[in-house]
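For the record, the sequence lines run as chains A and B.
Those letters in the first sequence? Residues 92 to 508, per our numbering, in order.
Those letters in the second sequence? Residues 2 to 197, per our numbering, in order.
Positions of the beta carbon are idealized from the N, C-alpha and C atoms, including for glycine.
No experiment lies behind these values; they were computed from the predicted model shown.
Here's the structure, in structure tokens; my notes come after.
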Amino acid sequence: MLRQIEGSRGVAETVARCRPEVVCAYPISPQTHIIEAIGAMVKAGTLSPCEFINVESEFAAMSVSIGASAAGARAYTATASQGLLFMMEAVYNAAGLGLPIVMTLANRAIGAPINIWNDHSDAMAARDTGWIQLFAETNQEAADLHVQAFRLAEELSVPVMVCMDGFILTHAVEGIDVPEQDDVDAFLPTYEPRQVLDPAHPISIGAMVGPEAFTEVRYLSHLRQLDALELIPALASQFASAFGRESGGLLHTYETQDATTIIVALGSVLGTIKDVVDRRRDAGERMGVVGITTFRPFPFDEVRRALEGAERVIVVEKDFSIGYGGVLSTDVAMATHDSNLPLHTVVAGLGGRAITQHSLDAMLDDAARDHLEPVTFLDLDLGIVELERARMKAQRHSGPSAENVLSDLGVVASRIG
Amino acid sequence: MFQVRFHGRGGQGVVTAAEMLSMAAFDEGRFSQAFPSFGSERTGAPVVSFCRIDDRPIRSREPVIEPDALVIQDATLIHQVDLFAGLSREGYVLINTSKSFDELGLGDFLSTFHRERLLTCPATELALEHLGRPLPNAVLLGGFAALTAQVTLDSIAAAINERFKGATAERNVAAATAAYQLVKREEEELARASTN
Chain A
92 MLRQIEGSRG VAETVARCRP EVVCAYPISP QTHIIEAIGA MVKAGTLSPC
142 EFINVESEFA AMSVSIGASA AGARAYTATA SQGLLFMMEA VYNAAGLGLP
192 IVMTLANRAI GAPINIWNDH SDAMAARDTG WIQLFAETNQ EAADLHVQAF
242 RLAEELSVPV MVCMDGFILT HAVEGIDVPE QDDVDAFLPT YEPRQVLDPA
292 HPISIGAMVG PEAFTEVRYL SHLRQLDALE LIPALASQFA SAFGRESGGL
342 LHTYETQDAT TIIVALGSVL GTIKDVVDRR RDAGERMGVV GITTFRPFPF
392 DEVRRALEGA ERVIVVEKDF SIGYGGVLST DVAMATHDSN LPLHTVVAGL
442 GGRAITQHSL DAMLDDAARD HLEPVTFLDL DLGIVELERA RMKAQRHSGP
492 SAENVLSDLG VVASRIG
Chain B
2 MFQVRFHGRG GQGVVTAAEM LSMAAFDEGR FSQAFPSFGS ERTGAPVVSF
52 CRIDDRPIRS REPVIEPDAL VIQDATLIHQ VDLFAGLSRE GYVLINTSKS
102 FDELGLGDFL STFHRERLLT CPATELALEH LGRPLPNAVL LGGFAALTAQ
152 VTLDSIAAAI NERFKGATAE RNVAAATAAY QLVKREEEEL ARASTN
């Protein structure tokens, strides 16, 4: 039933219907509402049997999830930003051990400077952990992806991270059809662990592996991710038959059939981009969009096919590898490397800066005039940057840049976006 | 699409107001989206929230930059925050105050807008009377329904009942109804004044 609810609420209710047996999480904005809601359901007995375990940190949250999953329980957790970094050692371990934990990542920037707002820096920091990473475009998709994530994780024995934009999705109230319990039960079978710690049949998990086999064990993890490239579209298709709507898959294309310019992006900004594209198509520009849902494993073949026929690709991404450039752009470039397709990186929305249609239009106007640089930063205030650069040049003790920039900007509470 | 921006201060239910408006529109079978401005929540700090209402699915996630309507829950923000940024000349403004626009120092500025779309509502006083607490958010939604006709008072009442329970819900509905009637009366007076 379609209801007007907060994204976090929709995800919490959907996760509950996936019947997790252990939920262990530490609250951090913007993930908090999800975990509060699940905690309340466990306390009220509406999510049962399920143990909600309070811990003192994210490191403990992931460690408990690993223990629970290894003991054969369906385990769920959620975090964001610094929380993900704090649990990072255990995040790698969960994947290396092949434990099918599902985690929501309410995407948020990473400090310093401390910033609670949305971007994709946290997800990118976990890019190489061995977790499958799925990105939701809407709150409906965020909810639906969790049902698919548990199935995917457990079939392959690989952990899955469902990324949803912090605040922009987690705190947005919109129509969400939370998957019905009977439908979820039919889609998601009882968890049958590939490996389980059972006192009656003792085994050990987590052996030390030396140079004699480390490569092989890692390669096996890689193969499981490649298997996911087959399984993810199959699950999305089964999901569509069972639930009557499209969610998940490797990527979504929009108006790409005749497009000469294609914009590639992850997550909720795709909605804003599509509105811009519709307007520009009405004005005669042949423009389309590729939204990448599965970021790890990266669907090289599908991306290459989706971009065939384009004359220019613009990757709009909410992350940035300092001293390097766009992270998603690099993957897209790998997918298209033999086609000499001009590729532009547009870094946008860092630390919660609003990505507006107005700014996207200005950037696309530049692109249409062939004025778009290979790497640009949407709405970058170069004047402020220059002030600090000049200060740094003039005096050795110029002080902390973050504080200096804020001081140059003055009061910002009056701003809308 | 009809876009609304709510301005207020932390603790005044600015985010809840946008959410309840979106629920009211949803109850009428329309598409709607509400979201906050994502600041660090602090009591008393300026807060902004947004609501979009449309007859087709809403995809854009940008903040409401060019609002069709502004709901100003705290008049002390007027000379502190760029409240009217992007407001269309056809736009609606509802301010929580018992003062006139001239008394607020807005007379000249607002003279370029449609006068009948700019109204005030003493929502804090109504809230104190009905709820015993200075929470103007649900109250102003009653005034918003009267001013813009984007949603009915019944849908606002349904949204309040969905969000709150028991006496709190009842009192908020009563206060929103009073605000609705006040704003309607204000509109009628303006209409009479313009025909005379």
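Taking a beta-carbon distance threshold of 8 Å, B/F3 does not count as an interface residue toward chain A.
Against chain A, the beta carbon of B/Q34 has neighbours under 9 Å at A263, V264, E265 and G266, listed in chain order. Looking at B/K100, B/D55, B/L88 and B/Q13, the one whose alpha-carbon comes closest to that of B/F114 is B/L88.
Straight-line measurement puts the Cα of A/G416 at about 22 Å from the Cα of A/L225. For A/M255, the closest C-alpha among the options A/L188, A/A277 and A/T170 is that of A/T170.
For A/Y415, DSSP records no beta bridge to any residue. Around the C-beta of A/N145, fewer than 16 other C-beta atoms lie within 10 Å, and the residue is accordingly described as exposed.
Classified as exposed, A/Y310 has fewer than 16 neighbouring CB atoms from the shown chains inside 10 Å of its CB.
Taking the C-beta atoms as reference points, A/F177 is found no nearer than 8 Å to A/E147.
In this structure, the alpha-carbon of B/E187 lies about 22 Å from that of B/R172.
For A/V113 and A/S99, the gap between their C-alpha atoms comes out near 19 Å.
The beta carbon of A/Q231 sits closer than 6 Å to those of I267, all from its chain and outside the five residues before and after it, given in chain order. When secondary structure is reduced to three states using DSSP, B/A26 falls in the helix class.
Not flagged as an interface residue toward chain B: A/K484, since no C-beta distance is shorter than 8 Å.
Residue-level contact check: A/I259 touches chain B, since one or more beta carbons of chain B fall below 8 Å from its beta carbon. DSSP places A/G440 in the coil class of the three-state scheme, outside both helix and strand. One Cα belongs to B/V16, the other to A/A233, and the distance between them is close to 22 Å.
When C-beta distances to chain B are compared with 8 Å, the residues of the segment 442-454 of chain A below that value are G443, A445, I446, T447, Q448 and H449, in chain order. Just so you know, the alpha carbons of A/L478 and A/E494 end up roughly 13 Å apart. For B/F7, not one C-beta of chain A is nearer than 8 Å to its own C-beta.
The Cβ neighbour count for A/L500, taken over all protein chains shown within 10 Å, is under 16; the residue is labelled exposed. Annotation: the continuous beta strand (DSSP E) that includes A/D268 extends over V264 to D268. Residue-level contact by beta carbon holds for A/S359 and chain B, with a gap shorter than 8 Å.
Contacts with chain B (Cβ-Cβ distance below 7 Å) from the segment 365-393 of chain A involve K365 and D366, listed in chain order. Residue ranges of uninterrupted alpha helix (DSSP H) with 4 or more members are absent from the segment 53-95 of chain B; none lies entirely inside it. In the structure shown, A/I96 adopts extended strand secondary structure according to DSSP, grouped into three states. Apart from the 5 residues on each side of it in sequence, A/M215 sits with its Cβ closer than 6 Å to the Cβ of D410 and V418 in its chain, given in chain order. Sequence-ordered contacts of the segment 153-184 of chain B with chain A read A160 and E163 [C-beta pairs closer than 9 Å]. Using a 10 angstroms sphere on the CB of A/E464, the tally of other CB atoms stays under 16, which defines it as exposed. Within the segment 323-346 of chain A, no residue places its CB atom closer than 7 Å to a CB of chain B. Within the same chain, and ignoring the five residues on either side of B/F27 in sequence, the residues whose Cβ sits closer than 8 Å to its Cβ are S33.
Taking each of A/L188, A/G400 and A/A356 in turn and checking the Cα distance to A/I157, the smallest one comes out for A/L188. When C-beta atoms of the segment 90-103 of chain B are compared with those of the segment 113-131 of chain B, three or more pairs fall below 8 Å, so the two segments count as touching.
Taking 8 Å as the cut-off, the Cβ atoms of A/G297 and A/I323 do not count as close. Under the 8 Å criterion on CB atoms, B/I66 is classed as interfacial with respect to chain A. As DSSP reads the structure, B/S33 sits in a beta bridge with B/I54.
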